[in-house]
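Note sheet for the following structure.
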Amino acid sequence: MLVLDDVTYTHPGQPAGYRFSMEAAAGTVTAVRGASGSGKSTLLDLIAGFLRPTAGRIELDGADLVALPPERRPISILFQSESLFEHLSAAENAALGLPPSTARAERDRQVATALAEVGLDGIGPQRSETLSGGQKQRVALARTLLRNRPVLLLDQPFSALDDDTPAATRPLVSTSMSRHGWITVLVSHHVDDIEVLARRVYAIENGALLREETTTAPR
Amino acid sequence: MPRFNSLTLPDRPIRILIGVAIAIGIAALVVLLFLAIAGAAAQQDATPHSTIDLPHLLVMTSTQAGLTTILSLTVGTALAWALNRLRFPGRDLVVGLFGSAIVTPGILVAFGLLAVWGRSGWVNGLWRSLFGTPLDIPIFGLGGILAAHLILDGAFAARVLLARLDAIPTARLKTGQSLGLTALQRFAIIDWPTLRGTLPGLGAIIFLLAFTSFPVVLLLGGGPANQTLEVAIYQAAKLDFDLTTAVTLALTQVAVCALIVIAAAAFAPVPPSLGSSRSPTWQDAAGPRTVQWIVLAAGILGFALPMLTIIVDGLSGIGPVLARPSFWNGVLTSLMIASAAATLTLLLAFGLCLARASTDRAGLRLTVAAPSYAYLAVPGIVLALGFFLLVRTMGILPAAAAPVVVVVANALLALPFAVATIGPPLDAIARSRGKLIRSLDLSGVRQFLAVEWPLVAPEAGLVVALAFCFSLGDLGVIAFFGTQDFATLPLLLSRALGAYRTNDAAAIAAIMLVLTVATFVLLPKLFARSAHARA
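Just so you know, the protein sequences line up as chains X and W, in that order. Counting with my numbering, you get residues 1 to 219 for the letters of the first sequence. Counting with my numbering, you get residues 1001 to 1535 for the letters of the second sequence.
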């Protein structure tokens, strides 16, 4: 269980701050919706460790994460865009999810498996800059599979995709998340993303998280 | 806990420590050199015995630098305008030709001018064969200095300004084209607002280059009336052994250069502009196009003719020179010095720039970068004088210290350009990809090998090529430390000219030019290809 307990933060120079409390359970998607500038990215940055809260606790299964720098947190992130290093191939990008000490043959095997799992079998040698937006996000998802951290943060991951692509990519995320039992936090202002993926929904209003009742189960 | 930076930049304390150590080392060297210069001045109890008129030197140096700046900006603007408009086979070659001006050694341009316009030059030979009498062209003196500087700095300005014109947004051009703007309206409404922001900073750089010009003034100055500070320092220290005068001149030179550097820093930075030139085509009317062709033809002729002369004259008499062991020693020494200086420049630049990119603390970023930029205000001759005095103070024979000093001095002189070239892309990577790198927990080595090196390898290749070519063409430092056994190609060229061995000089100049152009063209490509293969 990921718990934010009265986590507060104020951006320098801004009068009003944020005060976040929420819970996200393993194997489910917890969605956070809100208008642009409402604080969705701030929330993810606090969980990921890119911002340090002025007060409050961020706990994963009872262990406090606040003192940990971003690279030490048990978290994977799927960014809205620029999730890949464009000069590397799809396989090289995915391989960044593995420890550098992984033997070459083992690395190649795991990367091929992960790319196949996201429906990109055989695309490994292709340069990332030549991939479509949806393919890039799936390569990033393959990397997330290889990293296999217990928490997955989705930062509007389908916003930059073509109209039809999110519909094809969402089920992949949902399946991967369920199979690995990740705690997934999704921020988005797209109703479709939230309806399809989320079991629990929060809305950001006036710098705070408000729990909403969901009327439909995730599809 | 991260100690040096924000949470969105990769946490690299070791990089920062290495960068700070390099910066402290460089700053300490600056202090030591100035202490050596000041100490030498204090020890000189004799009155200066050089007959040097400091106010005249300042006026002369400033006049030629000011005229060079005005002429270079004017010619550069005209050439950039013509090149931006015209499309023709071989255009990339012409753009590359102007781009190479930044690394063309001044001594080659001066020699090329003599080969074309001098008493025994092509033009005079043609005139004599046609009319029977020699043509008196004032190639020595202010005219010759300005012509050489115009070739070097006018082409450099053209390449920089062309990059600005190429960067004009397509939408703005389409709007102008749809309104049917005339060539004059187009220049006034679209081009000029784009160019004018770059002109002050570019002008300051050209003024600095001309103010500190050494080989051109040495070869084409033609006597004390046209001497500049840089040549006067060399003459006082090396020929007259008058350290008091040399030190006074050196301190004056550094003070003026520091003022120019500070002034230049207030202007908009000049972007690197050595890539290819691509922009949408919008042809002007026939009249302006004729003017553009004339401007371009004159520019190509002015820049390429001296270079072509060097190659033709040099290769025709190269046989005897190739048979001399001293020539091959010079080639080997030049290549070794240039390779070592280029490698050192790259290592220092990476050390400093990786550290600067790893922090967003303004004070720390300034601490790391500022010492390298100090060498912009220290011309090669002054740096050489400082090293010369420093090694003497330490009881080391200048000849014994020469190889190390020449490599270090040349690396330091190229360092500001290197930091300005690879610093911004490394900064951009850290800022745009910092979150991703941190979230993936990439190690510093993995970050460098997988992310930074593939992306900045072309710039690194450019840095190595620039430092190599600067060092290959250096005459200022080697003039102080060169000996009979330790001589580079520019020193051999200078000696050959001094001894009126024109054929030898032409052959050496041709080899230098071929090496310079080959390095400048091939090295960046090799680096880019190696990074491509690695990525």
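Glycine included, C-beta positions come from ideal geometry on N, C-alpha and C. Only a predicted model underlies this, so the values are computations on that prediction, with no experimental measurement involved.
Think of a sphere of 7 Å around the beta carbon of W/T1008: the chain X residues whose beta carbon falls inside it are F50, in chain order. The continuous alpha helix (DSSP H) containing X/A105 extends over residues R104 to E117. Residues of the region 1426-1441 of chain W whose Cβ lies closer than 9 Å to any Cβ of chain X, in chain order: S1432, R1433, G1434, K1435, L1436, I1437, R1438, S1439, L1440 and D1441. Shown here for W/F1034: same chain residues with a beta carbon closer than 8 Å to its own, the five before and five after excluded, namely G1386 in chain order. Scanning chain W for C-beta atoms nearer than 7 Å to the C-beta of X/I77 yields S1439, reported in chain order. Cβ neighbours of X/G34 within its own chain (closer than 8 Å, five residues either side excluded): K40, V187, H189, A203, I204 and E205. When Cβ pairs closer than 8 Å are counted between the two stretches, the region 1341-1355 of chain W is seen to touch the region 1463-1483 of chain W, the count reaching three or more. Of the residues X/L153, X/L68 and X/T10, the one whose Cα lies closest to the Cα of X/S83 is X/L153.
Contact note: W/P1454 reaches chain X through H87, using a C-beta cutoff of 7 Å and chain order. Less than 8 Å separates the beta-carbon of W/R1164 from that of W/T1194. Close to W/V1451, with beta-carbon spacing below 7 Å, are these residues of chain X in chain order: F85.
At a Cβ-Cβ threshold of 8 Å, W/P1398 and W/F1520 do not count as neighbours. With respect to the 8 Å criterion, W/T1252 and W/L1229 are classified as neighbours on the basis of their beta carbons.
Within its own chain, the residues whose Cβ lies closer than 6 Å to the Cβ of X/A95, once the five positions on either side in sequence are excluded, are R107 and V111, listed in chain order. Under the three-state reduction of DSSP output, X/E205 falls in the strand class. Unbroken beta strand (DSSP E) stretches of 3 residues or longer found wholly inside the region 1315-1399 of chain W: none. Assigned with DSSP and collapsed to three states, W/G1132 falls in coil, not helix or strand. Residue-level contact check: X/E106 does not touch chain W, since none of the beta carbons of chain W fall below 8 Å from its beta carbon.
Proximity to W/A1531 across W/P1458, W/I1508, W/R1501 and W/L1150 peaks at W/P1458, based on C-alpha coordinates. Look at X/L145 here: in three-state DSSP terms it is helix. Between X/A48 and W/S1006, the CB-CB gap reaches or exceeds 8 Å. With fewer than 16 other beta carbons inside 10 angstroms of its own, W/R1324 counts as exposed. DSSP places W/L1086 in the coil class of the three-state scheme, outside both helix and strand. Within the region 1444-1475 of chain W, the runs of alpha helix (DSSP H) at least 4 residues long that lie entirely inside it are, in chain order, 1453-1472. Taking all protein chains shown into account, W/I1022 has 16 or more neighbouring C-beta atoms within 10 Å of its C-beta and is therefore buried.
Against chain W, the beta carbon of X/P150 has no neighbour under 8 Å; the closest one sits roughly 14 Å away. Around the beta-carbon of X/V118, 16 or more other beta-carbon atoms lie within 10 Å, marking it buried. At least 8 Å separates the CB of X/L4 from every CB of chain W.
DSSP, reduced to helix, strand and coil, places X/S188 within a strand of the structure shown.
Taking 8 Å as the cut-off, the beta carbon of W/N1226 is found no closer than this to the beta carbon of W/I1337.
Proximity of X/L96 to chain W, defined by a Cβ-Cβ separation below 8 Å, is satisfied. The C-alpha of X/K136 lies about 26 Å from the C-alpha of X/G37. The alpha-carbon of W/A1496 is positioned some 55 Å away from that of X/S89.
Distances from the alpha-carbon of X/G122 to those of X/D61, X/V139 and X/V173 put X/V139 closest. When C-beta distances to chain W are compared with 8 Å, every residue of the region 120-132 of chain X stays at or above that value. Between W/V1031 and W/V1368, the C-beta gap is not smaller than 8 Å, which leaves the two residues out of contact.
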